[in-house]
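Enquirer: Residue numbers (my numbering): 516 to 659.
Virtual Cβ for every residue (Gly too), placed ideally from N, Cα, C.
#1: Do the region 625-632 and the region 610-617 meet, that is, are 3 or more Cβ pairs less than 8 Å apart?
#2: Is it true that the CB of residue 535 sits closer than 9 Å to the CB of residue 639?
#3: Who are the near neighbours of residue 599 in its chain, counting only those whose CB is closer than 7 Å to its CB and skipping five residues on each side?
#4: Can at least three beta-carbon pairs, one atom from the region 572-584 and one from the region 533-548, be found at a separation below 8 Å?
#5: Quick one: what's residue 527 bridged to in DSSP?
#6: Out of curiosity, what's the CA-to-CA distance linking residue 595 and residue 618?
#7: Pick out the complete beta strand (DSSP E) segments inside the region 556-582, 3 residues or longer, and give them in chain order.
#8: Starting from the Cα of residue 583, find the closest Cα among 621, 573 and 554 and give me that residue.
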């Protein structure tokens with residue numbers, strides 16, 4: 516296989532399956548995979564089998580929007596052993612437009628400038644390379 520063929524075979528793969536959908540084409544955006552209660556309409560992330568609000572089991576899988584606001588955050592000032600992140604970095608809890616709460620890393624920001632209520636958008640970032648040479652992708656948020 517030539518270098519060109521190997522590059523053509525390379526693709527993005529999720530670091531963790533079932534958490535988000537990769538774009539299937541250039542005009543499609545990635546989406547977090549959540550759930551929506553058919554009874555009360557509340558949204559959750561990650562996917563649930565029972566509604567945390569009303570206790571019903573009538574739940575459907577649904578893609579969630581990419582935008583939300585920082586609900587709370589913390590600055591990690593030490594790098595845990597085996598981490599893919601380098602300190603300092605910001606861990607946020609984001610309330611999406613649908614109401615679902617999502618914990619993730621905030622990318623490309625000054626940790627000292629982050630504030631509750633800032634608007635953010637979900638993005639995908641390469642975190643490494645798989646044994647097959649594919650890009651391992653994770654979701655994060657960035658300020659908008």
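Expert: Working from what's here:
#1: Taking 8 Å as the limit for Cβ pairs, the verdict is that the region 610-617 does not touch the region 625-632.
#2: The criterion of a C-beta distance shorter than 9 Å is satisfied by residue 639 and residue 535.
#3: Excluding positions up to five away in sequence, the list reads 642 and 643.
#4: A contact exists between the region 572-584 and the region 533-548.
#5: Answer by DSSP bridge pairing, in chain order: 650.
#6: C-alpha separation (whole angstroms): 17 Å.
#7: Counting only runs of 3 or more, we get 574-579.
#8: From the listed residues 621, 573 and 554, the smallest Cα separation to residue 583 is found for 621.
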